[in-house]
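Data block below; observations after.
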Amino acid sequence: MDCLFCSILKGEIPSTKVYEDEAVYAFRDINPQAPTHVLVIPKTHIPSADAVSAENSAAVAAVFEAIPKIAKLEGLEQGYRVITNIGEHGCQSVKHLHFHVLGGKQLSETMD
Ligand code: DGP
Numbered sequence: 006m007d008c009l010f011c012s013i014l015k016g017e018i019p020s021t022k023v024y025e026d027e028a029v030y031a032f033r034d035i036n037p038q039a040p041t042h043v044l045v046i047p048k049t050h051i052p053s054a055d056a057v058s059a060e061n062s063a064a065v066a067a068v069f070e071a072i073p074k075i076a077k078l079e080g081l082e083q084g085y086r087v088i089t090n091i092g093e094h095g096c097q098s099v100k101h102l103h104f105h106v107l108g109g110k111q112l113s114e115t116m117d
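Start counting the sequence shown at 6; every next residue gets the next number (the numbering used here).
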């Protein structure tokens, strides 16, 4: 399977690690949209949030357990935003479930 984020997990493509545990990897987005822009991914390949099921949702829980730790590491005490894009209309470009953690400034009120 040809997956960019699986290649990052294998170390075949370099990334700037922010956090890692047995189930989760977090690294800096190559094209940051805010002072902090971290991508948080499960180590298991799930194509998108639309493919989450009872069989794989533990990986998603692990991501959301990691996010507050990452926010603390990044000094996001004033708040932050977590986004996942799904499919064409959602502008998902990498087909490996990932959550954008954005912060470090006052974010806009719009989400479209
Ligand atoms: P999305 O559009 O939601 O699928 O987000 C994919 C993100 O992945 C996008 O913000 C840019 C980022 N990205 C793409 N290629 C790379 C890469 O090779 N390294 C890193 N660190 N980020 C990447």
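In this text, a Cβ means the ideal position worked out from N, Cα and C, and glycines have one as well. Predicted model, so just to flag it, every value in this text is computed and none were measured.
Taking Cβ positions, are residue i and residue j nearer each other than 8 Å?
i      : j      : result
Leu112 : Arg86  : yes
Gly109 : Asp55  : no
Ser62  : Leu102 : no
Ala64  : Ile72  : no
Can you determine whether any heavy atom of ligand 2 sits closer than 7 Å to the C-beta of residue i, and answer yes or no?
i     : result
Asp34 : The ligand content of the structure shown is limited to ligand 1, which means ligand 2 is not among them.
Assuming residue i and residue j form a contact by the criterion Cβ under 8 Å, report the distance between their Cβ atoms to the nearest whole angstrom.
i     : j     : result
Val99 : Phe10 : 6 Å
Ile75 : Ala39 : The pair is not a contact, with the Cβ atoms about 14 Å apart (cut-off 8 Å).
Asn90 : Gln97 : 4 Å
Measuring alpha carbon to alpha carbon, tell me which residue in the options is nearest residue i.
i      : options                     : result
His105 : Glu17, Cys8, Pro47, Glu82   : Pro47
Tyr24  : Met6, Lys77, Met116         : Lys77
Glu79  : Thr89, Lys15, Lys22, Leu14  : Lys22
Asp26  : Ala59, Thr49, Glu17         : Thr49
Asn36  : Ser20, His94, Asp117        : Ser20
Ile88  : Glu60, Leu81, Glu70, Asp117 : Asp117
Between which residues of its own chain and residue i is the CB-CB distance below 6 Å, once the five residues before and five after are set aside?
i     : result
His42 : Asp34, Leu107
Sorted by chain position, which residues of the same chain lie with C-beta nearer than 7 Å to residue i's C-beta, five sequence neighbours on each side aside?
i     : result
Ala66 : none
Spatial neighbours of residue i within its chain, please: CB distance less than 8 Å, with the 5 preceding and 5 following residues excluded, ordered by chain position.
i     : result
Ile18 : Leu9, Ser12
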